[in-house]
Amino acid sequence: MRLYDTARRAVVPFQPRDNRVGMYVCGITPYDAAHMGHAFAYHVFDVIARRLILLDVDVHHVRNITDVDDDILRVARERNADYRTVGDAQVQRFDRDMADIGLLPVDAAPRATMHVAEMVRWIARLHEEGYAYEQAGWVFFDTAKFPRYGRLSGLDVATMTALSRERGADPDDPRKHNPLDFVLWQQSAAGEPSWPSPWSDGRPGWHIECSVLSTGELGHPIDLHGGGDDLIYPHHDSEIAQAEAIGVAPYVTHWVHVAMVRHQGEKMSKSLRNLVFVRDVLERVPGPTVRILLAAHHYRESWTYDEDELREADERRQRYHVAMQSDATLDSDDAQDYERQFLERLDDDLDTPGALRIIDLAAAALTHGAVRSRGGPVKAEEVLGRLLDTIGARAARRSESVGPAA
Ligand SMILES: [Zn+2]
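See below:
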């Protein structure tokens, strides 16, 4: 299988070690419902996992939950609720949404709040080794001590500074030695959850969470680490710095990043109020339609959510459904041929749009029924079922009778 690696800036073979793959994907901050941007990113890693499983690779898929952060605390204050209640409810909704679009369950979903002691130990080590400094109860990573900082994104300092401001950090914070320095530990305000540390009663920064949770679950190097492409800088550049500064190196073998989904001309984001929630889409179409819509887009190309495309995806699902319900069969040589071409598309940097075109061809051949058996017949349901299953778009039995979209 060949996949683009963000660090090497090229499509390269993705090589499992000893037929095992540890895959870490940055997960949600549970304070709002999952939108189509989440669905697209997690769909991509689900297809990678499914493809590797077909290759008999033992995949250990980890997706963390950032269950304490400024956004959750703000929502909890607004609702006069405990932040854990807010987070637990959102995690349940997220799990339901992802199950309903056919994502395989992950093997581990570590929560930040369950691992704060490990994060404190990691930060203490960075501090001892001179990569971090304390300012009145807060601890910052000293980016000047790690000259490779920013190499993953390859951005210049001015762009990194602008992006860190846009993405919630404060490069103008006078406590920082350098505008790009980032928070490892922050003192909690009165009434906020806090954990003890040598510096203050506080909580960890976001970046340290993923260095600690990923290596805690998978050791290092992590075979495949991924997330949305808005995480390359600062999140993943900062994860690398925290890990490699203290010898957890190489931290990651292969980086995979998924492009953003746009709506109304902008990246889908909470602050722009242009979110399309997965649950709202699922009110109108079944899960396999959502997966077909997502698979129609290559993971490295940003795309715009569009109602016409949702309708087309649902028509495609119905065509597949009709073909699968037919009594038609394919000759086993032809069935194998479709499967080989389909897998070739997936193995070519996860060309899911190309893979869908192969399913279209197989479905059309079955629907038109012009197939004569040479090597023994293979049933329509078996041929298409295998292909659809690999992109997570095989209907659950109970929803197979779902009709056209409203
Ligand atoms: Zn992360």
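Numbering-wise, this note's numbering comes out as the position in the sequence shown, counting from 1, plus 1.
Heads up, the beta-carbon is just placed ideally off N, CA and C, and yes, glycines get one too.
Closer than 6 angstroms: Gly203 CB and nearest ligand 3 heavy atom:
For ligand 3, the structure offers nothing, since it holds only ligand 1.
Nearest-angstrom Cβ-Cβ length linking Val13 and Arg3, presumed shorter than 8 angstroms
Between Arg3 and Val13 the Cβ distance is about 7 angstroms, and since that is below 8 angstroms, they are a contact.
Measuring CB atoms only, is the stretch 302–316 touching the stretch 258–276, in the sense that at least three cross pairs come out at less than 8 angstroms?
Yes, the stretch 302–316 is in contact with the stretch 258–276.
Counted within 10 angstroms of its Cβ, other Cβ atoms place Gly220 as buried (16 or more) or exposed
Burial is judged here by how many other beta carbons sit within 10 angstroms of a residue's own beta carbon; Gly220 has fewer than 16 and is exposed.
Mind checking whether Tyr321 and Leu385 have CB atoms under 7 angstroms apart?
For the 7 angstroms CB-CB criterion, Tyr321 and Leu385 form a contact.
Just reading off the beta strand (DSSP E) that Tyr183 is part of, what are its end residues?
Inspection of the sequence shows that residue 183 is occupied by Phe rather than by Tyr. Run containing Phe183: Phe183 to Gln188, per the beta strand (DSSP E) assignment.
Length at least 3, wholly inside the stretch 204–275: the beta strand (DSSP E) runs in chain order
For the stretch 204–275, the continuous beta strand (DSSP E) assignments of 3+ residues that do not extend past its boundaries occur at 225–229, 256–259 and 262–264, in sequence order.
How would you label Ala11, buried or exposed, when you count the other beta carbons within 10 angstroms and need 16 or more for buried?
Around the beta-carbon of Ala11, fewer than 16 other beta-carbon atoms lie within 10 Å, marking it exposed.
Integer Cβ distance of Arg64 from Gly28, believed to fall under 8 angstroms
Correct: roughly 4 angstroms between the Cβ atoms.
By Cβ distance below 7 angstroms, which residues in the same chain neighbour Pro199 in space, the five residues on each side in sequence not counted?
Take Pro199, set aside five residues on each side of it, and the residues of its chain with a beta-carbon closer than 7 angstroms to its own are Ala125, in chain order.
Touching by the beta-carbon criterion (3+ pairs, under 8 angstroms), the stretch 128–137 and the stretch 82–98
No, they do not touch.
Tell me which residue opens and which closes the alpha helix (DSSP H) that Arg301 is part of.
Taken as a continuous stretch (DSSP letters only), Arg301 belongs to no alpha helix (DSSP H), as it is neither H nor E.
Report the CB separation of Val418 from Ala40 in whole angstroms; it is logged as a contact under 8 angstroms.
Nothing about residue 418 can be reported from this structure: the residues present for the chain run from 2 to 407 only.
Which residue spans inside the stretch 331–380 form an unbroken beta strand (DSSP E) run of at least 3?
The stretch 331–380 contains these whole beta strand (DSSP E) runs: 378–380.
Check whether the stretch 234–252 and the stretch 100–109 touch, using three or more Cβ-Cβ pairs below 8 angstroms as the test.
Result no; under three Cβ-Cβ pairs closer than 8 angstroms.
Quick check: the stretch 60–74 against the stretch 103–112, are there 3 or more CB pairs under 8 angstroms?
Here the stretch 60–74 lies against the stretch 103–112, with 3 or more beta-carbon pairs under 8 angstroms apart.
Cβ neighbours of Ala324 in the same chain (closer than 7 angstroms, five flanking residues each side left out):
Here the set comprises Ala364, Leu367, Thr368, Ala381 and Leu385.
According to DSSP, is Ala407 helix, strand or coil?
Only weak support exists for where Ala407 lies, its pLDDT of 38 falling under 50; the value from the coordinates is given anyway. Here Ala407 sits in coil by DSSP.
Quick test of your reading: Met24 and Leu344, contact by CB under 8 angstroms. State the CB separation rounded to the nearest angstrom.
19 angstroms between Cβ atoms; not a contact.
Identity of the residues DSSP links to Thr305 by a beta bridge
Thr305 is bridged to Arg263.
Relative to the alpha-carbon of Gly377, which residue among Leu389, Leu351, Ser272 and Leu331 has its alpha-carbon at the smallest distance?
Considering only alpha carbons, the answer is Leu331.
Taking the C-alpha atoms as reference points, what is the distance between Asn81 and Val69?
The alpha-carbon atoms of Asn81 and Val69 are separated by roughly 16 angstroms.
Between which two residues does the beta strand (DSSP E) holding Glu135 run?
Start and end: Ala133 to Gln136.
Leaving aside the five residues before and after Trp139 along the sequence, list all residues of the same chain whose C-beta is less than 8 angstroms from its C-beta, in chain order.
Excluding residues within five positions, the ones whose Cβ falls inside 8 angstroms are Arg176, Val184, Trp186, Gln187, Gln188, Trp200, Ser201 and Gly203.
Unbroken alpha helix (DSSP H) runs of length 4 or more, entirely within the stretch 76–159: which are they?
If we require 4 residues or more, the alpha helix (DSSP H) runs fully inside the stretch 76–159 come out as 84–101 and 117–129.
How many angstroms separate the CA atom of Asp315 from the CA atom of Arg395?
About 13 angstroms.
Can you tell me which residues fall inside 5 angstroms of ligand 1, judged by beta-carbon distance to its nearest heavy atom, and keep chain order?
That gives Cys27 and Cys211.
For the alpha helix (DSSP H) that Ala50 lies in, which residues bound it at each end?
Its alpha helix (DSSP H) spans residues Met37 to Leu55.
For Val58, three-class secondary structure by DSSP
When DSSP states are grouped into helix, strand and coil, Val58 belongs to the coil group.
Which residues bound the beta strand (DSSP E) around Arg3?
Taken as a continuous stretch (DSSP letters only), the beta strand (DSSP E) holding Arg3 covers Arg3 to Asp6.
Reduced DSSP category for Ala314 - H, G, I as helix; E, B as strand; rest coil
Ala314 sits in a helix when the DSSP states are folded into three classes.
Under the rule that 16 or more other beta-carbon atoms within 10 Å means buried, what is Gly288, buried or exposed?
Classification of Gly288: buried, given that the 10 Å Cβ count is 16 or more.
Return the Cβ separation of Leu181 and Ser165 in integer angstroms, given the expectation that the two are a contact with Cβ distance under 8 angstroms.
Between the beta-carbon of Leu181 and that of Ser165 there is about 7 angstroms, and that keeps the pair under the 8 angstroms contact cut.
Can you tell me the Cβ-Cβ gap for Ile392 and Ala356, rounded? I've got them flagged as a contact below 8 angstroms.
Contact between Ile392 and Ala356 holds: CB atoms are separated by about 7 angstroms, below the 8 angstroms threshold.
Between which residues of its own chain and Arg317 is the CB-CB distance below 7 angstroms, once the five residues before and five after are set aside?
If the five residues before and after Arg317 are omitted, its C-beta is found closer than 7 angstroms to the C-beta atoms of Ile293, all from its own chain and listed in chain order.
Own chain, CB closer than 6 angstroms to Pro17, minus 5 neighbours either side, in chain order:
Cβ within range, chain order: Val58.
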